[in-house]
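Beneath this line is the structure, given in structure tokens, with notes to follow.
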Amino acid sequence: MLKKLPAQPQLEMFKTVLTSFIHPEHELCLLAKKIDWKNLEDEFAPLYGKVGRPSIPIRTIVGLLLLKQMYDLGDETVVERYLENPYWQHFCGEVYFQYKLPFDPSDFVHFRHRIGAEGMKKIFKQSIDLFDQDVIRRGVKEVRVDTTVQEKNITFPTDRKLTEKVIEHCKRIARKEDIKLTRTFGREIKKLKYKLRFARKPKNMRSHKKAQARLHRIAFKIYQDLVKQLNPIPKSYQQELDVLYRVLTQKRDDTHKVYSVHEPEVLCISKGKEHKQYEFGNKSSFAYTKESGIIVGAMAIEGNIYDGHTLKPQLDQVTELTEGKIKKAIVDKGYKVKGGIPGIDIVMPKVLKRESYYLKKKREERCRSRAGIEGLISHLKHDHRMIRNYLSGTAGDQINT
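According to this note's numbering, the stretch in the sequence shown is residues 1 to 401, in order.
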């Protein structure tokens with residue numbers, strides 16, 4: 001009688017080895033060899049415990065974070081593309097070709113929260129360390145610095161949109177807490193929306209103002225009714241209701257206005273552009289070297305502060321990341337710093353008294369070279385996910401930058 005043999009596990013020899021069919025000179029294969037993955041694993045290993053289910057390999061999720069920015073993809077799409085591309089799998093440390101998703105796309109959110117802005121700075125430093133340290137130190141002697149606006153993923157704010165959002169949020173909270181509002185104004189709100197739809201026509205301006213004022217009063221009544229019935233207000237709704245109250249009470253000339261209910265930290269920034277007078281998001285600063293064109297500094301700025309006040313923090317970050325000594329910072333006229341920065345020559349287009357013809361031409365040449373950062377910022381925005389920031393909060397601004 002034949003004995004039934006136990007089921008044998010799948011042998012490794014039947015799996016497809018990635019290095020057997022990918023080109024070793026591909027750009028991602030070469031980049032994977034240059035990145036110090038061991039250093040990144042040592043940096044992020046303390047963030048994970050040793051008890052419980054094993055975590056996602058750090059190289060896998062960090063590699064996909066880099067690919068996501070490099071190829072301008074979202075959390076869901078980058079994971080889907082991972083299955084199709086053997087070079088991506090090799091870049092993320094896989095030995096065999098994979099047929100399953102490495103992890104759920106929502107794990108990107110948890111990982112970003114876990115490492116924070118400081119962790120992303122360590123990943124960013126890896127891009128600087130790819131180059132020879134002597135080249136970097138020579139390059140940072142003269143850095144070009146500029147700021148731009150990183151727009152948030154919000155709709156263009158108007159009084160009508162914000163008022164409608166307040167009504168929607170109040171009704172949603174009422175449904176969730178099983179509160180019956182005294183009056184919902186459903187039919188009247190529908191008619192007011194129709195009137196406000198054609199508000200730009202001159203003959204409709206008077207009715208538009210009346211409709212907007214009425215919609216605002218309705219929103220205030222619904223808000224007061226909700227707060228009255230919720231009293232005492234649970235802590236989970238305290239912040240949201242505070243934002244709604246700010247929307248209802250803010251005036252046109254207020255300084256700290258709310259432009260989005262779900263992103264109340266968004267700022268209205270004017271950079272003097274003819275085609276786009278106002279942008280809604282946060283200010284980001286960049287520094288790069290002229291000779292090698294390497295980005296040696298990138299940081300999100302909190303608040304809509306004057307560009308001159310962002311220069312010293314940006315130069316401090318460059319010094320920290322490169323360990324080089326900055327001698328000159330080439331900037332535009334918006335970077336006037338009272339008293340200057342000790343030890344650093346700030347070069348900008350301006351008329352200097354008793355300046356020789358030679359020094360004038362050298363300064364003008366440096367200022368012309370600074371214009372190259374404009375194209376670099378445009379490249380970052382349109383090709384590397386900076387034209388629209390989909391990450392929430394001020395922490396999301398710093399991480400995306």
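Beta carbons: idealized from backbone N, C-alpha and C, even for Gly. If you're wondering where the values come from, they're calculated on a predicted model, not measured in any experiment.
Whole-number beta carbon distance between residue j and residue i, since they are thought to touch under 8 Å
i	j	result
residue 281	residue 152	4 Å
residue 166	residue 266	With 8 Å as the limit, residue 166 and residue 266 do not qualify as a contact, their Cβ atoms being about 16 Å apart.
residue 218	residue 188	7 Å
residue 335	residue 307	5 Å
residue 157	residue 223	With 8 Å as the limit, residue 157 and residue 223 do not qualify as a contact, their Cβ atoms being about 19 Å apart.
residue 195	residue 207	6 Å
residue 276	residue 369	About 26 Å separates the two Cβ atoms, so there is no contact after all.
residue 284	residue 401	5 Å
Selected residue, minimal CA-CA separation from residue i, among the options
i	options	result
residue 295	306, 315, 83 and 74	315
residue 39	122, 66 and 15	122
residue 28	88, 264 and 79	88
residue 126	297, 389, 311 and 332	297
residue 305	268, 275 and 341	268
residue 92	115, 72, 62 and 124	62
residue 350	113, 363 and 118	363
residue 340	114, 309 and 368	309
residue 99	83, 352 and 111	83
residue 389	73, 107, 220 and 233	73
residue 95	16, 49 and 197	16
residue 323	139, 209 and 22	139
residue 58	111, 26 and 50	111
residue 317	236, 371 and 118	118
residue 192	209, 321, 34 and 202	209
residue 221	137, 303, 319 and 249	249
residue 75	109, 85 and 53	109
Pair within 8 Å by beta-carbon distance, residue i and residue j
i	j	result
residue 129	residue 36	yes
residue 70	residue 384	yes
residue 181	residue 97	no
residue 149	residue 271	yes
residue 20	residue 135	no
residue 159	residue 212	yes
residue 326	residue 344	yes
residue 230	residue 179	yes
residue 311	residue 331	yes
residue 116	residue 395	yes
residue 45	residue 90	no
residue 392	residue 263	yes
residue 163	residue 216	yes
residue 174	residue 226	yes
residue 417	residue 171	Beyond the ends of the chain as shown, which are 1 and 401, falls residue 417; an answer cannot be given.
residue 113	residue 261	no
residue 56	residue 107	yes
residue 333	residue 348	yes
residue 373	residue 286	yes
| said: Going residue by residue through the segment 50-118, where are the continuous alpha helix (DSSP H) segments of at least 4 residues, counting only ones entirely within it? | reply: You should have 58-70, 75-84 and 86-91.
| request: Examine the Cβ distances between the segment 269-281 and the segment 137-146 and report whether three or more of them are shorter than 8 Å. | output: Judged by Cβ distances under 8 Å, the segment 269-281 makes no contact with the segment 137-146, as fewer than three pairs qualify.
| task | Could you tell me whether the segment 371-385 touches the segment 60-67, where touching means 3 or more Cβ pairs closer than 8 Å? | result | no
| request: Could you name each continuous beta strand (DSSP E) segment of 3 residues or more that falls completely within the segment 360-398, going from the start of the chain to the end? | output: none
| query | Would you call the segment 98-107 and the segment 74-84 touching, i.e. three or more CB-CB distances under 8 Å? | reply | yes
| said: Threshold first: 4 residues or longer. Then list the alpha helix (DSSP H) segments lying entirely within the segment 304-366, N to C. | reply: 307-322
| task | Give, in chain order, every unbroken run of the alpha helix (DSSP H) that is at least 4 residues long and sits entirely within the segment 157-233. | result | 159-176, 186-197 and 205-230
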